[in-house]
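J.: Chains as they are written, first to last, in the working numbering: chain A, 15 to 240; chain B, 15 to 240; chain C, 15 to 240; chain D, 15 to 240; chain E, 15 to 240; chain F, 15 to 240; chain G, 15 to 240; chain H, 15 to 240. Structure below; questions to follow.
Protein chains: 8
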Amino acid sequence: MHTKTNNITGILFDHNRIARIGLPEAVFCEGKSKQALRVLLQESSLKDGQPTLFTRLDEDVFASMPKDLIKKYNYHPLSRTAFTACLPGPEKGQVAIVSAGTADGSVTWEAARTLQYLGIKTRVYEDNGVAGLWRLTENLDNIQKAEVIIVVAGMDAALASVMGGLTGKPLFAVPTSVGYGMAQQGQAALTSMLVSCAPGVAVLNIDNGYGAACAAARVINLINKT
Amino acid sequence: MHTKTNNITGILFDHNRIARIGLPEAVFCEGKSKQALRVLLQESSLKDGQPTLFTRLDEDVFASMPKDLIKKYNYHPLSRTAFTACLPGPEKGQVAIVSAGTADGSVTWEAARTLQYLGIKTRVYEDNGVAGLWRLTENLDNIQKAEVIIVVAGMDAALASVMGGLTGKPLFAVPTSVGYGMAQQGQAALTSMLVSCAPGVAVLNIDNGYGAACAAARVINLINKT
Amino acid sequence: MHTKTNNITGILFDHNRIARIGLPEAVFCEGKSKQALRVLLQESSLKDGQPTLFTRLDEDVFASMPKDLIKKYNYHPLSRTAFTACLPGPEKGQVAIVSAGTADGSVTWEAARTLQYLGIKTRVYEDNGVAGLWRLTENLDNIQKAEVIIVVAGMDAALASVMGGLTGKPLFAVPTSVGYGMAQQGQAALTSMLVSCAPGVAVLNIDNGYGAACAAARVINLINKT
Amino acid sequence: MHTKTNNITGILFDHNRIARIGLPEAVFCEGKSKQALRVLLQESSLKDGQPTLFTRLDEDVFASMPKDLIKKYNYHPLSRTAFTACLPGPEKGQVAIVSAGTADGSVTWEAARTLQYLGIKTRVYEDNGVAGLWRLTENLDNIQKAEVIIVVAGMDAALASVMGGLTGKPLFAVPTSVGYGMAQQGQAALTSMLVSCAPGVAVLNIDNGYGAACAAARVINLINKT
Amino acid sequence: MHTKTNNITGILFDHNRIARIGLPEAVFCEGKSKQALRVLLQESSLKDGQPTLFTRLDEDVFASMPKDLIKKYNYHPLSRTAFTACLPGPEKGQVAIVSAGTADGSVTWEAARTLQYLGIKTRVYEDNGVAGLWRLTENLDNIQKAEVIIVVAGMDAALASVMGGLTGKPLFAVPTSVGYGMAQQGQAALTSMLVSCAPGVAVLNIDNGYGAACAAARVINLINKT
Amino acid sequence: MHTKTNNITGILFDHNRIARIGLPEAVFCEGKSKQALRVLLQESSLKDGQPTLFTRLDEDVFASMPKDLIKKYNYHPLSRTAFTACLPGPEKGQVAIVSAGTADGSVTWEAARTLQYLGIKTRVYEDNGVAGLWRLTENLDNIQKAEVIIVVAGMDAALASVMGGLTGKPLFAVPTSVGYGMAQQGQAALTSMLVSCAPGVAVLNIDNGYGAACAAARVINLINKT
Amino acid sequence: MHTKTNNITGILFDHNRIARIGLPEAVFCEGKSKQALRVLLQESSLKDGQPTLFTRLDEDVFASMPKDLIKKYNYHPLSRTAFTACLPGPEKGQVAIVSAGTADGSVTWEAARTLQYLGIKTRVYEDNGVAGLWRLTENLDNIQKAEVIIVVAGMDAALASVMGGLTGKPLFAVPTSVGYGMAQQGQAALTSMLVSCAPGVAVLNIDNGYGAACAAARVINLINKT
Amino acid sequence: MHTKTNNITGILFDHNRIARIGLPEAVFCEGKSKQALRVLLQESSLKDGQPTLFTRLDEDVFASMPKDLIKKYNYHPLSRTAFTACLPGPEKGQVAIVSAGTADGSVTWEAARTLQYLGIKTRVYEDNGVAGLWRLTENLDNIQKAEVIIVVAGMDAALASVMGGLTGKPLFAVPTSVGYGMAQQGQAALTSMLVSCAPGVAVLNIDNGYGAACAAARVINLINKT
């Protein structure tokens, strides 16, 4: 039985993805063995040209890596992301990430860290749940200054609809798995966002902060090429 | 084969329900034959003491009834409700029904008409969807004057959460089957209301305007006995 | 990358919620780190004016807090709730909480403890499942003395319908995740309650004892303002 | 292309089923063409030895059959059942069918008519929904005289649990597709019955009155062989 | 805050259930604290008149009980059941439990042990999955000697339909949560059994071996009173 | 606004599909307008080289086409398929289609007609439901002579598992939407087939007789190239 | 009973929405009465300043309107859209709409017509399903010239992932309800798009061509303000 | 209480399955006790004639077995499979397994190892996800040389449709539980494969690498008998 395996991790990187679509491949760490992750972290720390983004990298797993490897990485526990450096090039754009609650933090910051790694300026506004509308109202003028807005919310995800009715900027909504019972691991938030009464709210998978950052980056990249 | 059938309609009315719980039994017309409905409408028009509420009575079906029967009834097409008279006794209470859109009209008005029949003062505020928040803001002071608030909304049902964060009054939320795709015949609105970020929002079945009116009536009845 | 973070816990409290809707914000502890909880428990124990309710605070987590902090709190393991003191003001109202079985205990007592914290008199009636109807019958007269009734039940949740047919009081039903197989973590109980054959039964999210207490408090607060 | 087709209807009857398991094959008419049904009704009216039960035979379809065929059949519109004669042999057993409401009528009577056809004595008790418990209480002594009890209920199906706690007789529960919204075409009733808090309640498919009758017949046949 | 609590376990036993319906209440141990279980096991071991059945009692939990308590109990690890003695009275009936595979063992034996406790003769036939039909064929004559048949199967649950077409005896089918992927924790087996092409197959909740035994006991008790 | 539309039907045929994968593109008629279908039927009747298969073409729709067009087509009402001629080339292979009941006829014959059109010999065995196992047993020797077996079944779909345990031939299973209640438009049959206890049963979409024929054709084509 | 109704249609237009977010409110016609639609079409045809977009306006309904009203409208049957004129202002942007098949036509053209109405240049590429990859490959260079890409696909929706891996442009994916069986009215396509292996694919509700156009317009508007 | 148990493991092997259908029974280890597995591994290591395949045998469990038993087995951790030897006979056939990503590795290699054990030549092509189409294009010529193709993919499973449009070989698709959120433990991939736009793609249960190998073996066995 033969197989085409390129290295110990078994991964065949799509290295020309960044040239093709402006977004480099990232390493989704959940479900990968510590051995594979160590090899990948090692490889990525050597390459000068293209640093790699690691997502869903648990604090315990990262802490179990060799000390010299840990030292080379910029690791952020809440978002479970790591990279040695951001992508080269001048910082660009402006993205506002607006979340409903601090419980949405890991998704909020996965998006924020991905944007940082992609070289895009980002500002995070947490705890704007609509049960206390005044919080969103207070932040609104600043949020509106961004070019792209990402809304992160779990449970009823009503924030996405309210935000969508207040801004004309491109708006990406990420449901989170926050909540219990009929929140159904984020399905309530997802369906709520998909059937939003505000026009043109585009939705990502549950807890997909990385994907929202990529969607925003597609817009920011477009503007900066225009 | 024997059976205990009391009349041609086969229904064994729970006539002492109003004495027991303050809410009379109503006739849910959907799925009943025209013949059975005619008998029931006939019977109800004779009884002086206790008029009956008919719900989900389609306009076509009602129009096919004998002319003299039609004359005796107060029929409201949008809500599909009919009764010969409201329950006896002085008008009481104050309920505000706040809906997200006119598409929620049949549910909104089923609730309104049921409350009218139960002798409870009601005011309806339509088209307050959160995609245009200013509409709710304009109505808020008037809505707050009510003793009980009913929110009727389909799709993302974000109105329930926003309303729940703005009022301390008892608040009953009715999801509607308005919408398409992932609105899933009202399930998106239902789950959104059940996992609302506002505290103490109590929820009824999809399209159950009648039930919301009964829930509100339980509160109004309590106050008027206190 | 900048962000507006007000303290180490990242939470932007909606402190004026109690003034706005009569219900103070509570801290939902599930999913929060021990570090964040310690800060929140510390802060709350200092404030004289407004004690905070902590819900879903596991016994193990609470036991791991500093001794002097533990001492200041009234903690109830079954309901997983903690507070330093109840809200100030005279005790008011009367709520009856009727549960189907002892397995529903954690939800039953979350509701009871929340009401206690809100300053509302509460009486709990456990183990009234309809498979042994005599138990409910025996308690019925006492239950009827309350102003608001909360029914807590899992599995088939038949208790909500039976109770709803016996009382005219405002009735809030909380499904619990008790059961296995097709109980589906409380979805069977939830749907059963939503389609109850008794009129005006209003439903909360699965296991949401806190929400039922808030819904009841909205009614009690209304009466006490009237 | 060859195929083994035995007659114009394409059906290969399992005629020895009655010898094998005591229950003859029935013809489920839904989805069959009028042409096929005419042939089957014709064939069945000729056979002296073994009359056939036709279920889900709509009134319109039956009325469109030749007059002389219609004359030979005992047709019951509500249950949508037809047969030329009951199975030969002495009447046996005693089954009580207890339904929650008249809306459950078509399923209730499908069960009753199937039992009649199988030569089993049956008594039907309609409109015993638990929102008016006194109705069931009044009928209870008579119901308990039966050897087997069938409960037919839609929506919350709470009747199955209440009945199951009151009787030790074999009890078969049939959920019906009555209701709207979260009743979900009978799934709420089905799950409610499956997770009943009463022990030993056995459940049939939604609207399967025929199946409940067969399950009851298996018990009655066992007793009459004993 | 007052409550009616009868003992440390908080359980209000329905002791007259056996007189009312011939089936004593059992203790479902899953989710109960070790402390509560110890009290219940202690109480039950003292009572002479009515031994109690404990179900879903994990081996580890049972092993952690006091030695002298363990000694008094007949414990069966696979079925996770315990009792000090069977119900008094002569052994009666004959039930055959037919399972599809050994993976269904815990459910199969929960049913078998419950029947043993109820004083009903039982014979278990394991590993009769229809992928190797000869196994069922070999056992068929013996299975047919029973008065009631219980089928236990997971995954496709095809055994229930095959068995239902081969026997006229009362047949109760229990789906098990065996399988992965689309087996969906027993939902595939459950739906397969509910829509069985064999007539009169009555179904219990997923993994509910106890319920199947109770359903069978209802039939056996009926015969023995006849 | 410009668009690349190649003809009035808007379809861009993948004409080289047959060269690429040995299976020509077919026209799925459901949802297409009569006007578009007339153009497509017209075009296909002109082409000599490659006749087209039309599936899901309702009898009423076909009957409304111009007489001269109807004449050119071989139409089969039960399967709702039409073609002017089979694909050129010698007949090959041998496929057995085994169905559970005549209610599965439209799917069974869609598969049979597709195979006929593809030039593959086919034999259909209907009404082999496992509730009467002897029917399958009688046909087994003949079925086993085929090179590929297609099983078509709705409801519990137990036939797929039984068949899968009796033959080592490639076996494709097609669930049908036959049944009611928990049959859930074929989802019960689908899940039952996917979790079959027999090894190597491969499954197609609900009612996808066309797909099963294509899967079988892939095997037959492989053999005839070998 | 009083209510705040502004006109016969009951709609309270959010007229300042276009000023607020750059997207005018549209009229969703599904479920509205012919009477209400006539009034709305009448009103909209009078207003010079702001023409209105009507979506989901069935051909039969539109044809039943007064002749003089019909004349004033630009109606497109496949997309079921109507407007008297496009929004004023210079044409801008470039959007490519890429669909998998002609069956997706009504959604594809709802998006195209909405963009036309919004004054945005659009090019439609139909029938690019990945089962014949060469079709997409041929169109790719032209598609890449657009600033924003909308993918419309039903069934497996594989086109969204393939497209997402080939372009770096902002990409909005609309699932359609095309397909049968497990396509589940577009849920298969929706979930497939949400879990796409390509980064940054943002998703709209099933069949929501209007929403995709609005999402694209948010980006185009951003560019034209920059 | 008697039962027919043949050995300590309780399993009644279907040893003549290989004679009957050419595929030997395998031992699915998940959920079996270590004690039962030790007996089964012991027994299998003694039998010369027919080695047994063990699937879903976790590394930890295998490592806990006696040293001398471990030595006799060919164990593969990623696929969690073990056997002492492959089935006797000459190697035959050629199967290509094409996976979307390395995260699908355990399912990919379960299929590969099962085929190896069955004596069928296999070649594995990993990491061909369609987000980087060039990877599949590069491998296509080699993949096409196989007689049967297995596609293994999670998330959107778009690879199955793309592959199905490029090859005419028998193609079996296995969805994997890779992904999060709406990937729903493989249900997104499963439905995507079932509604594939490519004709004749046959689907196995989620994560069922073993089943795909058996389906492929049925084809290979057929060819080698022809």
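Virtual Cβ for every residue (Gly too), placed ideally from N, Cα, C.
Please report the straight-line C-alpha distance between R70(C) and L92(C), rounded to a whole angstrom.
T.: Numbered from its first residue, the third sequence carries residue 70(C) at position 56. Numbered from its first residue, the third sequence carries residue 92(C) at position 78. In a straight line, the C-alpha of R70(C) is about 10 Å away from that of L92(C).
J.: Taking C-beta pairs closer than 7 Å, name the residues in chain C that G143(D) reaches, listed in chain order.
T.: Along the fourth sequence, read from residue 1 onward, the residue named residue 143(D) stands at position 129. C211, listed in chain order.
J.: What does the Cβ neighbour count give for T151(H), buried or exposed, with the cut at 16 atoms within 10 Å?
T.: As a first step, residue 151(H) must be located in the eighth sequence, where it is residue number 137. It counts as exposed.
J.: Short of 6 Å in beta carbon distance, which residues of its chain neighbour A110(H), apart from the five on each side in sequence? Order them along the chain.
T.: Within the eighth sequence, residue 110(H) is the residue found at index 96, counting from 1. Correct list, in chain order: R137, I157, A160 and I163.
J.: Can you list, in chain order, the stretches of the alpha helix (DSSP H) that have 4 or more residues and sit fully within the stretch 69-113 of chain E?
T.: Entirely contained in the stretch 69-113 of chain E, the alpha helix (DSSP H) runs reaching 4 residues are, in chain order, 73-77 and 81-86.
J.: Which residues of chain G have a Cβ atom closer than 8 Å to the Cβ of Y224(B), listed in chain order?
T.: Here the question's residue 224(B) lines up with position 210 in the second sequence. Correct list: empty, because the minimum Cβ distance to chain G is about 16 Å.
J.: Just how far apart, CA to CA, sit A212(E) and F68(D)?
T.: One-based indexing of the fifth sequence puts residue 212(E) at position 198. One-based indexing of the fourth sequence puts residue 68(D) at position 54. Distance between the alpha carbons of A212(E) and F68(D) is about 16 Å.
J.: Which of the three DSSP states, helix, strand or coil, is assigned to I35(H)?
T.: Position 21 of the eighth sequence, counting from 1, holds the residue named residue 35(H). The answer is helix: DSSP assigns I35(H) an H, G or I state.
J.: When the Cα atoms are used, what is the spatial distance from A229(A) to V41(D)?
T.: Residue 229(A) sits at position 215 when you count from the first residue of the first sequence. Residue 41(D) sits at position 27 when you count from the first residue of the fourth sequence. Spanning the two alpha carbons is a distance of roughly 57 Å.
J.: Restricting to Cα atoms, I'd like to know which of A167(F), T98(F) and L185(F) is closest to T116(F).
T.: Stepping through the sixth sequence from its first residue, residue 116(F) is reached at position 102. Nearest C-alpha to T116(F): A167(F).
J.: Closest Cβ-Cβ distance between E140(G) and chain A: below 9 Å?
T.: Residue mapping note: residue 140(G) aligns to position 126 of the seventh sequence, counting from 1. No - not a single Cβ of chain A is within 9 Å of the one on E140(G).
J.: Considering only residues of the stretch 177-210 of chain E, which uninterrupted alpha helix (DSSP H) runs meet the minimum length of 4 residues and lie entirely inside it, listed in chain order?
T.: DSSP runs (the alpha helix (DSSP H)) wholly in the stretch 177-210 of chain E: 201-208.
J.: Is the CB-CB distance between A171(F) and D82(E) below 9 Å?
T.: Reading the sixth sequence from its first residue, position 157 is the one you call residue 171(F). Reading the fifth sequence from its first residue, position 68 is the one you call residue 82(E). Cβ distance not < 9 Å, so A171(F) and D82(E) don't count as in contact.
J.: Quick one, which of G133(F), G200(F), L218(F) and V209(F) has its alpha-carbon nearest A145(E)'s?
T.: Stepping through the fifth sequence from its first residue, residue 145(E) is reached at position 131. Of the listed residues, the one whose Cα sits closest to A145(E) is V209(F).
J.: Helix, strand or coil: how does DSSP classify T136(C) here?
T.: Counting from one through the third sequence, the residue named residue 136(C) turns up at place 122. In this structure, T136(C) counts as strand in the three-state DSSP scheme.
J.: Taking the straight line between their C-alpha atoms, what separation do you get for R34(H) and V165(F)?
T.: One-based indexing of the eighth sequence puts residue 34(H) at position 20. One-based indexing of the sixth sequence puts residue 165(F) at position 151. Answer to the nearest angstrom: the Cα atoms are 18 Å apart.
J.: With distances taken from CA atoms, which of Y224(B), L236(B) and R232(B) is nearest S120(B)?
T.: As a first step, residue 120(B) is located in the second sequence; it is residue number 106 there, counting from the start. Answer by Cα proximity: Y224(B).
J.: Am I right that E39(G) and R52(G) are in contact with their C-beta atoms under 8 Å? What's the rounded C-beta distance?
T.: Position 25 of the seventh sequence, counted from the first residue, corresponds to residue 39(G). Position 38 of the seventh sequence, counted from the first residue, corresponds to residue 52(G). No, E39(G) and R52(G) are not in contact; Cβ-Cβ is about 19 Å, not under 8 Å.
J.: How about T17(E): is its C-beta nearer than 9 Å to some C-beta of chain F?
T.: Position 3 of the fifth sequence holds residue 17(E). Its pLDDT being 45, under 50, T17(E) is placed unreliably by the model, and the measurement read from it follows with that caveat. Not one chain F Cβ lies under 9 Å of T17(E).
J.: Specify the secondary structure class of A226(E) as computed by DSSP and reduced to three states.
T.: Within the fifth sequence, residue 226(E) is the residue found at index 212, counting from 1. A226(E): helix per DSSP, three-state reduction.
J.: Alpha carbon to alpha carbon, how far is G179(A) from S251(G)? Give it in angstroms, no decimals.
T.: Within the shown structure, residues of chain G are numbered from 15 to 240, placing residue 251(G) beyond reach of any answer.
J.: Note down the Cα distance separating W148(E) from L60(D), rounded to an integer number of angstroms.
T.: To locate residue 148(E), count along the fifth sequence from 1; it is residue 134. To locate residue 60(D), count along the fourth sequence from 1; it is residue 46. If I take the Cα positions, the gap works out to 39 Å.
J.: At a CB distance below 8 Å, what residues from the stretch 95-123 of chain E approach chain F? Give them in sequence order.
T.: Here the close residues are A114 and G115.
J.: E44(E) touches chain D at which residues, Cβ-Cβ below 8 Å?
T.: For the purposes of this step, residue 44(E) is identified with residue 30 of the fifth sequence, where counting begins at 1. The contacting residues do not exist; E44(E) stays about 14 Å from chain D at best.
J.: Hey, quick one: how far does the alpha helix (DSSP H) through I164(C) stretch, first residue to last?
T.: Here residue 164(C) refers to the residue found at position 150 when the third sequence is read from its first residue. Here I164(C) belongs to no alpha helix (DSSP H); instead the beta strand (DSSP E) covers V162 to A167.
J.: In chain order, what residues of the same chain have a beta carbon less than 7 Å from the beta carbon of N235(E), not counting five sequence neighbours either side?
T.: Residue 235(E) sits at position 221 when you count from the first residue of the fifth sequence. Only G36 meet the Cβ criterion.
J.: Name the chain D residues whose beta carbon is nearer than 7 Å to that of N30(E)?
T.: For this step, residue 30(E) is matched to residue 16 along the fifth sequence. Simply none; closest approach about 11 Å.
J.: Go through its chain and collect everything with a Cβ distance to G103(B)'s Cβ below 6 Å, but skip five positions before and after it.
T.: Working through the second sequence from its first residue, we reach residue 103(B) at position 89. The answer, listed in chain order, is G133.
J.: Which term fits K183(F), buried or exposed, when burial requires 16 or more other beta carbons within 10 angstroms of its beta carbon?
T.: The residue given as residue 183(F) occupies position 169 in the sixth sequence. Looking at its Cβ environment, which holds 16 or more other Cβ atoms inside 10 Å, K183(F) is buried.
J.: Could you tell me the distance, in whole angstroms, from the CA atom of A99(C) to the CA atom of W123(A)?
T.: Counting from one through the third sequence, the residue named residue 99(C) turns up at place 85. Counting from one through the first sequence, the residue named residue 123(A) turns up at place 109. Computed Cα separation, rounded: 35 Å.
J.: For A126(G), which of helix, strand or coil comes out of DSSP?
T.: Locating residue 126(G) in the seventh sequence gives position 112, counting from the first residue. The answer is helix: DSSP assigns A126(G) an H, G or I state.
J.: A145(G) by DSSP, collapsed to three states: which one?
T.: Residue numbering aside, residue 145(G) sits at position 131 when the seventh sequence is read from its first letter. A145(G) falls in the helix class under three-state DSSP.
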